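K.L.:
Dumping the structure here so I can ask a few things about it.
Protein chains in written order, with the numbering used here: chain A, -16 to 418; chain B, -16 to 418.
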């Protein structure tokens, strides 16, 4: 929890830095709102029993509830973040950070704006978060649904097969092209020639140079979808250059992303294999962030079909968490589960009153303090507790200290002890512990 | 969300000050774990559909999952807090802060310790939180299940009727004694004489003086349960005196608390009617915190019945939130939903590149910054956005500023503008906004 809280705090700090407001939608959604939004994911939705009243289900992600929220409240523009748990009836794979209940951290910009400005900001956010967390080298792959559709069109694929072809292309990060090709020809029924033509495009990746080259491509430049998509992509890369982040962004035509609702720019961040990784067997953790533009989703929830263009990003916090956790374990670093600054202790019997009075003063001054819940604990036990739980200071009061109006402040690591006048104790603790 | 986040942060800060570790249990519990733990509450449990696999339900509170967690992991002592949502199939009453999905904020101390030390700390926590939040005057009522049982015994109530009599007594905060008495005699079948004898006790409230008086009471002092309970209560008040909080604590024999699982000290905090309340029609919000000792619950989840004594407190965050929300509304104070410190603006066209470069520098320096998602927004629109959303500063770059290597920093409220050398901008923003 401590580690996850730190991680979430870093992500939320970035979202706030970009001016997003927090919203909170309920974990329970009307079942009908979720049905038919997730393609193959639908079978993983947790449904509630019909106990009278509405038919409910647990949210599956944060994007559909956000779109529903915008439509229901007739909101036409909003920049929001949402950090919350979602639920999937899946087989957990905890080492890779896959659970049935897990956090999603989403940032989305809804509204009709000038092209690529919000899209570029989403990529900047991914870049900031992955840099802040010091996860090592990473790469943000970017593509555009219209470019993919344009490629399919010029390769002679009928429009009815765009989505299914897209899902084959999406497997290129896990399979070699040859296997993807045979799936296209075998299962999806594309002609071998069409598949080969697609193969020439979807194995390309690069930067502004590749965009320029494709804009000159004799076939693609004739296709309206591809031309628009490439135009967007060029503008996006101009903005990313101003943000200074193109070094870690790759225009990658093999990126397709599974969800049906994307309509424009799509992206996915992956961690690159680390040379100096502390982990003995590197575990594949897949992508650590992803998102894209979905201009049609809000309209599906609006009775009049009013559209609100949206673009967003989701940070794969559980995967990042499992990496950080493995690193911390490998490093042997002990993560404290509490933040206690000082243990209030007594060196001999019959001093419970003195301990209660002193700890009460410390709490009231905002100091994080504990004491053992025993009337007459041994001093050794009290100091042992400090070492076991990582409490850095012990404030010791015995008869002598009470008589002298002082408290013996002990540094648990160095074992140094100094008598501090009681009225200066709080300041001294702060001085030692607060940077 | 902003207001609730502030409130939760204050509560969590107090829990951490007392050395508690955070734990997180799943929202989904096995249905059988919840059944039979909540008395009449059971019908409000949300159950999940049987989709294959385990029969699940949504958690109803955080105490039962905590007890289950301790038993499952064989933990014999722990101080933890848990802030999370719980679910009840209830009729919402939002003005009084009652929802189907709502936050609970629990702090519990589990373990075999010397009497009343952890119990006193729970009361100190309630006192600290209600003082910190400046909710106005409050009173913490304290009682003891064993004292109540002792009272029932000496009044001639058979043990089989203790629990049902307890639930009648529990209504004394909403009903006059006469009505409670007639429920006892009519519905619960107590003799009128027994009810009258109970009435003499349960209408008493006071402090150490009352405890002393009852310890001398000819009948109660002969009853083992009552004597033990009064002994606990005396020790508790001694500790509370050392904490300096007895002024707001009342030993109140009418406090019974509904849940069956309490075994010792019980308590409940109520807000007292405020003279200077901003609210026109004061809304009854009931208790704002409550808890007690439950020494038997963990044992119910342990296959060998091993007991782990526990005492805890739950802060009624939703009720407190509804009070704060009403106050904020009544005061006309505008709560900002974002924390943006500066809007990056341009005074004329063709400066999108300048804006993107500057905002990127600010983000990278940790400044919370926004810009409008338009290529060429009007300056007036940009300043209007600051006023609408409460952004205190605007950083304006035009051709002149670019040429001079400065940024015009505008205070949105005073409309004062100063040219700041670009390399000093971040420091200047921090100087103005950070205390």
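Where a beta carbon is used, it is the ideal one built from N, C-alpha and C, also for glycine.
Being a predicted model, the structure only gives us computed values, none of them experimental.
For residue 410 (chain A), does the count of other Cβ atoms within 10 angstroms reach 16, so buried, or fall short, so exposed?
P.N.:
Around the CB of residue 410 (chain A), fewer than 16 other CB atoms lie within 10 Å, so the residue is classed as exposed.
K.L.:
Give me whichever residues DSSP pairs with residue 63 (chain B) in a beta bridge.
P.N.:
B:4 and B:91
K.L.:
For a cutoff of 9 Å on Cβ pairs, would you count residue 371 (chain B) as touching chain A?
P.N.:
no
K.L.:
Express the C-alpha separation of residue 83 (chain B) and residue 74 (chain B) in angstroms, rounding to a whole number.
P.N.:
About 7 Å.
K.L.:
Considering only the alpha carbon of each residue, which of B:44, B:8 and B:98 lies closest to residue 56 (chain B)?
P.N.:
Looking only at B:44, B:8 and B:98, the smallest Cα-Cα distance to residue 56 (chain B) is reached by B:8.
K.L.:
Could you name the residues of the same chain whose beta carbon sits closer than 7 Å to that of residue 98 (chain B), not counting the 5 residues immediately before and after it, in chain order?
P.N.:
215 and 218
K.L.:
Ignoring anything shorter than 4 residues or poking outside the stretch 234 to 318 of chain B, list the alpha helix (DSSP H) runs there in chain order.
P.N.:
280 to 284 and 300 to 314
K.L.:
Looking at C-beta atoms only, is the number of pairs between the stretch 105 to 116 of chain A and the stretch 171 to 180 of chain A that lie closer than 8 Å three or more?
P.N.:
no
K.L.:
Select from B:221, B:141, B:269 and B:130 the residue whose C-alpha is nearest the C-alpha of residue 475 (chain B).
P.N.:
Lying outside -16 to 418, the shown extent of chain B, residue 475 (chain B) is not represented and no answer is given.
K.L.:
Quick check on the DSSP output: the alpha helix (DSSP H) that includes residue 39 (chain A) runs from which residue to which?
P.N.:
Not the alpha helix (DSSP H): residue 39 (chain A) falls in the beta strand (DSSP E), residues 39 to 41.
K.L.:
Let me know the secondary structure DSSP gives residue 188 (chain A) once reduced to three states.
P.N.:
DSSP places residue 188 (chain A) in the strand class (E or B) of the three-state scheme.
K.L.:
Go ahead and label residue 207 (chain B) buried or exposed: buried means 16 or more other beta carbons lie within 10 angstroms of its beta carbon, across all protein chains shown.
P.N.:
Sixteen is the threshold: since fewer than 16 other Cβ atoms of the shown chains lie within 10 Å of the Cβ of residue 207 (chain B), the residue is exposed.
K.L.:
So what does DSSP say about residue 171 (chain A), is it helix, strand or coil?
P.N.:
coil
K.L.:
Taking 9 Å as the CB-CB cut-off, is residue 382 (chain B) touching chain A?
P.N.:
No, no contact with chain A.
K.L.:
What's the gap between the Cα of residue 357 (chain A) and the Cα of residue 406 (chain A)?
P.N.:
26 Å
K.L.:
Hey, is residue 4 (chain A)'s beta-carbon within less than 9 Å of any beta-carbon in chain B?
P.N.:
yes
K.L.:
Can a CB atom of chain A be found closer than 9 Å to the CB of residue 347 (chain B)?
P.N.:
yes
K.L.:
Who are the near neighbours of residue 270 (chain A) in its chain, counting only those whose CB is closer than 7 Å to its CB and skipping five residues on each side?
P.N.:
251, 252, 253 and 299
K.L.:
Decide if the stretch 15 to 27 of chain A is in contact with the stretch 328 to 348 of chain A; the criterion is three or more beta carbon pairs, one per stretch, under 8 Å apart.
P.N.:
Judged by Cβ distances under 8 Å, the stretch 15 to 27 of chain A makes no contact with the stretch 328 to 348 of chain A, as fewer than three pairs qualify.
K.L.:
Apply the 10 Å Cβ neighbour rule to residue 288 (chain B) and answer buried if 16 or more other Cβ atoms are within range, or exposed otherwise.
P.N.:
exposed
K.L.:
Would you kindly work out how many angstroms separate the C-alpha atoms of residue 239 (chain A) and residue 186 (chain A), rounded to a whole number?
P.N.:
If you draw a straight line from the Cα of residue 239 (chain A) to the Cα of residue 186 (chain A), it comes to about 12 Å.
K.L.:
Mind checking whether residue 399 (chain A) and residue 374 (chain A) have CB atoms under 9 Å apart?
P.N.:
Result no, Cβ atoms of residue 399 (chain A) and residue 374 (chain A) do not sit closer than 9 Å.
K.L.:
Quick one: which residues of the stretch 304 to 329 of chain B get their C-beta closer than 7 Å to a C-beta of chain A? List them in chain order.
P.N.:
320, 321, 322 and 323
K.L.:
Just reading off the alpha helix (DSSP H) that residue 98 (chain B) is part of, what are its end residues?
P.N.:
Note, residue 98 (chain B): premise wrong, no alpha helix (DSSP H); not H, not E.
K.L.:
Can you find a CB in chain B that lies within less than 9 Å of the CB of residue 117 (chain A)?
P.N.:
no
K.L.:
Looking at chain B, is there any beta carbon in it that lies within less than 9 Å of the beta carbon of residue 146 (chain A)?
P.N.:
no
K.L.:
Reducing DSSP to helix, strand and coil, say where residue -13 (chain A) ends up.
P.N.:
helix
K.L.:
Out of curiosity, what's the CA-to-CA distance linking residue 265 (chain B) and residue 112 (chain B)?
P.N.:
Only weak support exists for where residue 265 (chain B) lies, its pLDDT of 44 falling under 50; the value from the coordinates is given anyway. Answer to the nearest angstrom: the Cα atoms are 22 Å apart.
K.L.:
Figure out for me which residue from A:152, A:351 and A:157 has the closest Cα to the Cα of residue 413 (chain A).
P.N.:
A:351
K.L.:
Between which two residues does the beta strand (DSSP E) harbouring residue 404 (chain B) extend?
P.N.:
400 to 404
K.L.:
Which runs of the alpha helix (DSSP H) at least 4 residues long sit entirely within the stretch 348 to 417 of chain A? Give them in chain order.
P.N.:
362 to 372, 382 to 387 and 408 to 416
K.L.:
Against chain A, with Cβ distances strictly below 9 Å, would residue 188 (chain B) count as a contact?
P.N.:
no
K.L.:
Would you call residue 331 (chain A) buried or exposed, if buried means 16 or more other Cβ atoms sit within 10 Å of its Cβ?
P.N.:
exposed
K.L.:
Out of B:68, B:393, B:167 and B:191, which one is the CA nearest neighbour of residue 154 (chain B)?
P.N.:
Looking at the Cα atoms, B:167 is the closest of the given residues.
K.L.:
Would residue 193 (chain A) count as contacting chain B if we go by Cβ distances under 9 Å?
P.N.:
Not an interface residue.
K.L.:
Roughly how many whole angstroms lie between the Cα atoms of residue 226 (chain B) and residue -6 (chain B)?
P.N.:
For residue 226 (chain B) and residue -6 (chain B), the distance between alpha carbons rounds to 19 Å.
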